[in-house]
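Report on one structure; see the data block that follows.
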Amino acid sequence: MSRSTRTLAALCGSALLFTAACGTESDVPESAGGDATPEEGAECAGADGEYLIGMSQANVAEPYRQQMDDDIEAAAAEVDQFEVVFADAAQDNAKQVADVENFLTQGIDLLIISPNEAAPLTAVVERAYNEGIPVIVLDRKIESDAYTQFIGADNTEIGRAAGEYVATELLPDGGTVAELKGLPGSTPAQERADGFREGIAANPGIEIVAEGVGDWLREKGQSQFEAILQANQDIDVVYAHNDPMAEGAYLAAQAAGRETEMRFIGIDALPIPSGGIKAVEEGRLSATFVYPTGGKEAIATAQQILVECADVEKEQILDTELITQENAAEVYARNATQ
């Protein structure tokens, strides 16, 4: 592969970027790890280059993350200049650090990473960025601005929308909520919890009576909710930070003969047969919220940086959508993965 792409990485990693949230132009902020300084006179190989992209995935046990990898692979297959190598960290922070270090040894031209947890992955992402490699942080954030672009939905807003839905539609007269959280050190888990509390704040009759940590996994969500059921006789709504944990909670309630006592909501809404949209359509979940994988957007950004030699915005915030039984079939038909 063309090593001229490394000078391109240095050039693009330090370009002027824009903030998506407010649309104002700003320089790349100085990170805790330092600046990625462009090589003087560096040239962009553009369409004449060949580029190796490393995709560091937090885990593939979650259907959402496997779908993200599939979306990246499919999008990259349409770009002649791209080869993508994947690594699965299996929810192990140390392994993900090693995966990224291995990518650097391989000489990648661009890094895409969906961090398992923010703090443990920050230093190695900073290292890649400060070596002049463009970095796309996907879905989950790090504790630094040492990256080229962040792509993901607004998790605080999704949590807030879920809280407002519970407060106005499911429990307008008040009631009890059990919450199943994602991996504690991941930014979506923190933001979805905070946003939900903002959303229910307008309804003082709602009380969160139980919390469990399901680490994004259906099986762990199920076991956590089994314990919650034993300790709580009065649960009106289950708010899970993703659809697999919501499905796990439903299975636990079903096994206890209590699934009709409560309603379940999740997040992800994958348009696949085992995803959240179908779970809503089939009546197991009352609602879910679309959380795009960002896979195709990541490859589009990589193409802008490497092939088109273009500057990119610092953030790309993806849209969400509330899915209920009223629109589940239509949304599934519109977005179903073939």
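Using mature numbering (1 follows the signal peptide of the UniProt record, and there is no 0), the letters of the sequence shown correspond one by one to residues -23 to -1, 1 to 315.
No residue lacks a Cβ here, since even glycine has one placed at the ideal position from N, Cα and C.
All figures in this text were calculated on a predicted structure; none of them were measured in a lab.
Taking a contact to require three or more Cβ pairs closer than 8 Å, the segment 283 to 290 and the segment 261 to 271 do not qualify as touching. When C-beta atoms of the segment 44 to 64 are compared with those of the segment 196 to 203, fewer than three pairs fall below 8 Å, so the two segments do not count as touching.
With respect to the 8 Å criterion, VAL143 and TYR227 are not classified as neighbours on the basis of their beta carbons. Cβ contact annotation for THR153 (same chain, cutoff 6 Å, sequence separation greater than five): GLU184, VAL186, ASP211, ILE212, ASP213, in chain order. In the assembly as shown, ASP150 is an exposed residue. Its beta-carbon has fewer than 16 other beta-carbons within 10 Å. Boundaries of the alpha helix (DSSP H) around GLY225: 220 to 232. Between the segment 49 to 59 and the segment 299 to 310, the count of Cβ pairs shorter than 8 Å is below three; the stretches do not touch.
TYR28 is bridged by DSSP to PHE59. Under the three-state reduction of DSSP, ILE249 is assigned to coil, being neither helix nor strand. Looking only at ILE249, PRO250, GLU236, GLY272, the smallest Cα-Cα distance to ARG261 is reached by GLU236. Judged by beta-carbon spacing, ALA310 lies beyond the 8 Å limit of ILE128, meaning their Cβ atoms are not closer than that value. DSSP places GLY272 inside the alpha helix (DSSP H), whose first and last residues are 272 to 283. According to the DSSP assignment, ILE135 belongs to the alpha helix (DSSP H) that extends over 132 to 142. A straight-line Cα-Cα distance of about 27 Å links ALA306 and LYS158. In the structure shown, LYS197 falls within a helical segment according to DSSP collapsed to helix, strand and coil. Inclusion of TYR28 and LEU283 in the CB contact set at 8 Å is warranted, their separation being smaller than that value. In the same chain as PHE63, and ignoring 5 residues on each side of it, the C-beta atoms closer than 7 Å to its own belong to MET32, GLN34, ASP46, in chain order.
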